[in-house]
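**Student:** Going by UniProt numbering, the letters in the sequence shown line up with residues 1 to 217, in that order. Note that the Cβ used here is the ideal one computed from N, Cα and C, for glycine as well. These numbers were taken from a predicted model, which means no experiment stands behind them.
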Amino acid sequence: MTAPKSERSRRSTSAGQARPAGEQRLRLFYALRLPQEVATQLAQAQTQLRGNWRRVAPEQLHLTLAYLPGIPLSQVDRLRELGREVADLSPPLQLRLRGTGYHPNTGNPRVWFVKVEGEGLSELGARLQTALTGQGITLEEPFRPHITLARKKGPAPRVPPLSFDVSWAAGQLTLIHSTLRKTGPIYDTVSRYQLRGTAAPLPPESAPPAAPEASHG
Numbered sequence: 001m002t003a004p005k006s007e008r009s010r011r012s013t014s015a016g017q018a019r020p021a022g023e024q025r026l027r028l029f030y031a032l033r034l035p036q037e038v039a040t041q042l043a044q045a046q047t048q049l050r051g052n053w054r055r056v057a058p059e060q061l062h063l064t065l066a067y068l069p070g071i072p073l074s075q076v077d078r079l080r081e082l083g084r085e086v087a088d089l090s091p092p093l094q095l096r097l098r099g100t101g102y103h104p105n106t107g108n109p110r111v112w113f114v115k116v117e118g119e120g121l122s123e124l125g126a127r128l129q130t131a132l133t134g135q136g137i138t139l140e141e142p143f144r145p146h147i148t149l150a151r152k153k154g155p156a157p158r159v160p161p162l163s164f165d166v167s168w169a170a171g172q173l174t175l176i177h178s179t180l181r182k183t184g185p186i187y188d189t190v191s192r193y194q195l196r197g198t199a200a201p202l203p204p205e206s207a208p209p210a211a212p213e214a215s216h217g
């Protein structure tokens, strides 16, 4: 793995023992990948974009569960194990696309996304957040289930709100390494985990809010 040029952590902070000066840091995230048929339908929606929108390639569309920039290379093996521990406790999910939205919703939006819902999705996000907190990694933003469809790079009109009648079974958690390039990020799979659990849902107060807007994907 090679680390991205930017070392700034925008979404999470990592505490614990001091790391060696100059230790390689990686931009990682846990996500749910999309089946091809769902990605294809979202790609069709992307054809309505006009102006300076940069579409997310269909093969890169995903639902981010936890965004982890600036992770020291020495922590990667532990994050691999953590993903398996969370997946072993988490049952497969039945997910649904909802409507599209923008972030920010007013003024000059930078991101166009589609909301996602499903029983157990917020609980999976909360379980992952709790596990990361136990490793001294604090997520700076609440879990907001969404799939980023495009990012604006200049003047561009909005697409009218869209809704979808699309659902799918999500049975696999993925840890992904992201390398930033001028043409867009390159995603490499670090580990995949089958969701095997039969865990009961967390109490409502333990689950993070499912808010409609998010600034990354």
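Please classify R80: does DSSP put it in a helix, a strand, or coil?
**Tutor:** R80 falls in the helix class under three-state DSSP.
**Student:** For I71, does the count of other Cβ atoms within 10 angstroms reach 16, so buried, or fall short, so exposed?
**Tutor:** Per the 10 Å Cβ criterion, buried.
**Student:** Between the Cα of Q44 and the Cα atoms of Q194, L162, P142, K182, which residue gives the shortest distance?
**Tutor:** Among Q194, L162, P142, K182, the Cα nearest to that of Q44 is on L162.
**Student:** In this structure, how does DSSP classify T198 when only helix, strand and coil are distinguished?
**Tutor:** Three-state result, T198: coil.
**Student:** Could you work out which residue in Q172, E37, L26 is closest to D165 when comparing CA atoms only?
**Tutor:** Ranking Q172, E37, L26 by Cα distance to D165 puts E37 first.
**Student:** Here's the rule: buried if 16 or more other CB atoms are within 10 angstroms of the residue's CB, otherwise exposed. What is K153?
**Tutor:** So K153 ends up on the exposed side.
**Student:** Identify which residue in L68, R158, H146, D77 has its Cα closest to the Cα of G51.
**Tutor:** Nearest C-alpha to G51: R158.
**Student:** If you scan the stretch 18 to 44 from start to end, which runs of the beta strand (DSSP E) of 3 or more residues do you find wholly inside it?
**Tutor:** 25 to 33, all fully within the stretch 18 to 44.
**Student:** Which two residues bound the contiguous beta strand (DSSP E) that contains I150?
**Tutor:** Residue identity differs from the one stated: residue 150 is Ala in this sequence, not Ile. Residues 146 to 152.
**Student:** If T47 sits next to P58, beta carbons under 8 Å apart, how far is it from one beta carbon to the other, in whole angstroms?
**Tutor:** Not quite, the Cβ-Cβ distance comes to about 11 Å (not below 8 Å), so this is no contact.
**Student:** Do the CB positions of W168 and L95 come within less than 8 Å of each other?
**Tutor:** Contact: yes.
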